[in-house]
Each structure stands twice: as structure tokens, then as C-alpha cells.
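See structure below.
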């Protein structure tokens, strides 16, 4: 399984070619002859195509019309704008009938808190951002309900807040990207016609960011991350007077460095401008608005599902969630815990697949991870899932990829040959 059709086709071609070469060496080998026939029916596919095949085999279990149409991002974006506009119009009408004072209307308070002037653009963006993040999780409705209490955690639990965890994750991700960018810039400086005068600055800045990353890895927490981030500074670049230096390379290095500097400055100003005590005070003021924002996002999720059902359309995220509904059974306990177990459909696929192999694993999100787990036999004590990835090559951020899933396994798996969870 991989993430693009081209990669899936190329993978099948390579396997087919290797079988053909082996047959040339052993033309009477019945096993190879059988594999050459079976390769054309092998499940070498994208995650989207796999989800579609699961859906096609189990329409009745999810009450989906088999004549559904898969739509592209542009059409979904237009539908989102239409549904969101109608939702806010209804909310304004309802609030105006009940209360016109933001101090007593949660919706008007939220709209006033997030909006800029007379425009609802910022409110709409926040609803869409929360919605898009929710649909990259296995259970969007539960995820949004959890967000309602994000800013109401006692002070001693501040570092456990979803907001804080997300900021820490984003900061680590940005700093790692910054190191890679500056390293590429340093390589340009080392070229014969590169701006070598910039090298000392770049090396010092790479070292600073690397130290900050190490500090963050040693211990989590808002203040620790904030302290690490503020150890990073950027000095002035030395002037380059050597006429043998390529102007285009000088410009490229300067722009790459500026990009990193701007990103780190943005992190400091956007997420870490205030110390923890001050931040807690601001969050308490924002709690009411955030709770209402999560409620609006949950209503928007429900309205989008309704609109897509009426039009008999699904998008790529829907494919994954519909497949997940087919493959796992979800049960909520009285104390709010979520218990999941494989369905009969998942058990049948576990019997069908001897091995589950995933390429570009760093581009997986939480929904895809649960789908792959559902059709693997790890829960049965048989470790038949093989994953290949490189966190530096993660490209599917727009679909809420979570390279952390890959990194967590890299940290947990062992190198020993006999280990059940083995890293190679």
C-alpha cells in the first residue's frame, strides 16, 4: 500500500519484472508461474483505492448509495463555504431572536471574540481549521467534543492541554525543518562559487536550533519549550565582496535563512509571547469562546455529512472514515472510554492478507493507521505489518499526515533480529 497511483503501478511493475527474470532462470518453477498470474490481481494499491474496495464490498453495512461519486478538493471547498455560510446565518438568526447581547449569547460572544470588525472571515477560518483537523482523526465527533474543554483544565494540568501539546508538536516540527533548510543553505555556501562568508552564521544558527531541539526532547512543557525557543537568535550576515561568488547562490542562501528566521520569529510571537502564568489568564478569558467554537465545528461536521449524503458524494476523508466504520466496532463505556474491536469484515481481511506492507509510512494519519491496524494481525499476536518510511520526506501535510506515528514506532521498535516489533 502506498499514497499515489503512480507509485502503486510502479511497484507492481517492478515485482512483475522480477518474477519474469526469475522465471527465465527457472522456467519450470510452478510457484513462479502461479505468482506471475496472481500479480495482476494483487492488492498493490493506494490507501484511497483500498478504502474504496472495502466500501464496494460492504455498502449495506454503512447505508451508502452504491452510485456515490468521489469529488475533488475544489468541489468540497465550495460546498464547505456554502454549508458554513448557511450555518452562521441560522446561528445569527437564532441568537438575535433569543439574545442580542454578546454577554449572554455564547454564539455572539464567540463571533465577537474571533471576528475582526464586521467580517466573519476569521471565525469561518477557525471553524474550518478545527473541522479539517477533526476529520483526520478516527472519530471526528468525539475529538470535537473533547476540544470543548481544552481551555478549562486546572492550572496544574496546563501542559496536558491539547493546545499546548499541539504547539509543542508544531514547534518541534518547525525547528527540525529549519535545521534541514539551513543545512541545505550551508551546502550551497561550500560550493566553489558559494557565499562562504555566510557559513559561520549558518553553522552557529544550526547549532543553536539543534540545542533547542535537544532541550525539548529532554523534557516537555510550555515553559521548557518557550525557554528553548528563545535561546535561538540570528545575527547579521557578513557582507560578501568576493566577485567570484554567484549572485543567484548568494540570494538563495539569504532567502532560505530569512525563511527560517521568519518562521521562528512567528513561533515566538504567535505561541510563546507570554509566560505560562499570563497565558493561563488569557486562556481562561477565551474558554467560553473556544467551547462555542468547538460546538459550531461539531454542528458544521454534521451539516457537511448531511449535505454530502443528499448529493450522494464523498471525498477522500469520507472514504477513509466509511472504510473505518466497516472495519472496526466502536463502543463507548459509561466513563467515556472508547473501546474498539475488529468487525467480521476486518477479520475476513486478516485471513486474506498474509502480510500488510506500507510504503511512505511517514505520510499516514491517525485514521489510516487504525485502518491498517484493523486488517493486520498484531492484535492476534502475529506481527505481519511491514512499514517503510523516511520522516524527512513527509509531503502530505495538507491531508493532516502525522509523521509522529512513524517516529513513535522508530523509537519503540527494537533492532534485535528476533524482536516481534523490529526496526531495520
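Numbering (our numbering), first residue to last: -17 to 406. C-beta atoms are modelled at their ideal positions from N, C-alpha and C, and glycine is treated no differently.
Quick one: is residue 293 buried, meaning 16 or more other Cβ sit within 10 Å of its Cβ, or exposed?
Position 311 of the chain shown holds residue 293. Residue 293 should be labelled exposed.
To the nearest angstrom, how far is the alpha carbon of residue 97 from that of residue 36?
Here residue 97 is taken as the residue at index 115 of the chain shown, counted from 1. Here residue 36 is taken as the residue at index 54 of the chain shown, counted from 1. Cα to Cα, the separation comes out at about 42 Å.
According to DSSP, simplified to helix, strand and coil, what is residue 321?
To locate residue 321, count along the chain shown from 1; it is residue 339. Reduced to three states, the DSSP call for residue 321 is strand.
Please state the DSSP three-state secondary structure of residue 411.
Outside the modelled stretch of the chain, which goes from -17 to 406, sits residue 411, for which no answer is possible.
Could you tell me which of 269, 15, 249 sits nearest to residue 160, measuring between CA atoms?
Position 178 of the chain shown, counting from 1, holds the residue named residue 160. For residue 160, the nearest C-alpha among the options comes from 249.
Sorted by chain position, which residues of the same chain lie with C-beta nearer than 8 Å to residue 312's C-beta, five sequence neighbours on each side aside?
Start at 1 with the first residue of the chain shown, and residue 312 comes out as number 330. 121, 320, 321, 322, listed in sequence order.
Could you tell me if residue 254 is buried or exposed, where buried requires 16 or more neighbouring beta carbons within 10 angstroms of its beta carbon?
Within the chain shown, the letter at position 272 stands for residue 254. With 16 or more Cβ atoms within 10 Å of its Cβ, residue 254 is classed as buried.
Go through its chain and collect everything with a Cβ distance to residue 370's Cβ below 8 Å, but skip five positions before and after it.
Residue numbering aside, residue 370 sits at position 388 when the chain shown is read from its first letter. 339, 340, 341, 342, 343, listed in sequence order.
According to DSSP, is residue 258 part of a helix, a strand, or is it coil?
The count along the chain shown starts at 1 and reaches residue 258 at position 276. Looking at residue 258 - three-state DSSP - the assignment turns out to be helix.
Going by beta carbon distance, what residues of the same chain come within less than 7 Å of residue 235, once the five residues before and after it are set aside?
The residue labelled residue 235 in the question sits at position 253 within the chain shown. Result list for residue 235: 167, 170, 171, 177, 180, in chain order.
Below 8 Å between beta carbons: does that hold for residue 392 and residue 65?
Your numbering for residue 392 matches position 410 in the chain shown. Your numbering for residue 65 matches position 83 in the chain shown. No, these two residues do not count as a Cβ contact at 8 Å.
Counting only the same chain and skipping the five closest in sequence on each side, list residues whose C-beta sits under 7 Å from that of residue 364.
On the chain shown, residue 364 is found 382 positions in, with the first residue counted as 1. Same-chain partners within the cutoff: there are none.
Between residue 372 and residue 406, what straight-line distance do the alpha-carbon atoms span, to the nearest angstrom?
Against the chain shown, residue 372 aligns to sequence position 390. Against the chain shown, residue 406 aligns to sequence position 424. Taking the straight line from one Cα to the other gives about 12 Å.
My output table needs one value for residue 116: the three-state DSSP class, helix, strand or coil.
Counting from one through the chain shown, the residue named residue 116 turns up at place 134. Residue 116 falls in the helix class under three-state DSSP.
Pick helix, strand or coil for residue 380, following the three-state DSSP scheme.
Within the chain shown, residue 380 is the residue found at index 398, counting from 1. Summary for residue 380: the model assigns pLDDT 46, below 50, so the residue's position carries little reliability; its value from the coordinates is reported in the next sentence. Helix at residue 380.
Residue ranges of each beta strand (DSSP E) run of no fewer than 3 residues wholly in the region 171 to 229, ordered along the chain?
Complete beta strand (DSSP E) runs here, min 3: none at all.
Mind reading off the beta-carbon distance from residue 2 to residue -8? Whole number of angstroms is fine, and I expect it under 8 Å.
Taking the first residue of the chain shown as 1, we reach residue 2 at position 20. Taking the first residue of the chain shown as 1, we reach residue -8 at position 10. Their Cβ separation, rounded to whole angstroms, is 16 Å, which puts residue 2 and residue -8 out of contact at 8 Å.
Between the C-alpha atoms of residue -16 and residue 346, what's the straight-line distance to the nearest angstrom?
Against the chain shown, residue -16 aligns to sequence position 2. Against the chain shown, residue 346 aligns to sequence position 364. Roughly 10 Å separates the two Cα atoms.
I'd like to check one pair, residue 242 with residue 153: are the Cβ atoms closer than 8 Å?
Reading the chain shown from its first residue, position 171 is the one you call residue 153. Reading the chain shown from its first residue, position 260 is the one you call residue 242. Result no, Cβ atoms of residue 153 and residue 242 do not sit closer than 8 Å.
Is it right to say residue 44 is buried, meaning 16 or more other beta carbons lie within 10 angstroms of its own, or is it exposed?
Here residue 44 refers to the residue found at position 62 of the chain shown. Exposed, because fewer than 16 other Cβ atoms sit within 10 Å of the Cβ of residue 44.
In whole angstroms, give me the CA-to-CA distance for residue -3 and residue 6.
On the chain shown, residue -3 is found 15 positions in, with the first residue counted as 1. On the chain shown, residue 6 is found 24 positions in, with the first residue counted as 1. Distance between the alpha carbons of residue -3 and residue 6 is about 14 Å.
Would you call the CB atoms of residue 91 and residue 271 closer than 8 Å?
Counting from one through the chain shown, the residue named residue 91 turns up at place 109. Counting from one through the chain shown, the residue named residue 271 turns up at place 289. Cβ atoms of residue 91 and residue 271: closer than 8 Å.
Who are the near neighbours of residue 114 in its chain, counting only those whose CB is closer than 6 Å to its CB and skipping five residues on each side?
Within the chain shown, numbered from 1, the residue matching residue 114 stands at position 132. Taken in chain order, the list of residues that qualify is empty.
Looking at C-beta atoms only, is the number of pairs between the region 293 to 308 and the region 51 to 66 that lie closer than 8 Å three or more?
Verdict: yes, contact present.
When the distance is taken between beta carbons, is residue 280 closer than 8 Å to residue 349?
By 1-based counting over the chain shown, the position of residue 349 is 367. By 1-based counting over the chain shown, the position of residue 280 is 298. Contact: no.
Spatial neighbours of residue 380 within its chain, please: C-beta separation below 7 Å, excluding the five flanking residues on both sides.
To locate residue 380, count along the chain shown from 1; it is residue 398. Because the pLDDT of residue 380 is 46, which lies under 50, any placement of that residue in the model is unreliable, and the question is left without a value.
Taking the DSSP output, what are the residues bridged to residue 310?
Translated into positions along the chain shown, residue 310 becomes position 328. 324.
Can you list, in chain order, the residues of its chain with a C-beta nearer than 7 Å to that of residue 141? Leave out the 5 residues immediately preceding and following it.
If you number the chain shown from 1, residue 141 lands on position 159. Counting only Cβ-Cβ distances below 7 Å, and skipping sequence neighbours, we find 202, 203, 204.
Taking all protein chains shown into account, do 16 or more other C-beta atoms lie within 10 angstroms of the C-beta of residue 332, making it buried, or fewer, making it exposed?
As a working note, residue 332 is residue 350 in the chain shown. Buried, by the Cβ-count rule.
Determine the direct distance from the alpha carbon of residue 252 to that of residue 86, and round the result to whole angstroms.
Numbered from 1 along the chain shown, position 104 holds the residue referred to as residue 86. Numbered from 1 along the chain shown, position 270 holds the residue referred to as residue 252. Roughly 29 Å between the two C-alpha positions.
Starting from residue 16, follow the alpha helix (DSSP H) in both directions and report where the run begins and ends.
What you label residue 16 is simply residue 34 of the chain shown in a count that begins at 1. Looking at the DSSP string, the run of the alpha helix (DSSP H) that includes residue 16 is 12 to 20.
Ordered along the chain, which non-local residues of its own chain (more than five positions away) have a Cβ less than 7 Å from that of residue 34?
Within the chain shown, the letter at position 52 stands for residue 34. Hits under 7 Å: 301.
Considering only C-alpha positions, which residue in the set 219, 4, 119 is nearest to residue 185?
As a working note, residue 185 is residue 203 in the chain shown. Taking only the C-alpha atoms, the option nearest residue 185 is 219.
Rounded to the nearest angstrom, what separates residue 217 and residue 151 at their Cα positions?
Looking up residue 217 in the chain shown gives position 235. Looking up residue 151 in the chain shown gives position 169. Rounded to the nearest angstrom, the two C-alpha atoms are 27 Å apart.
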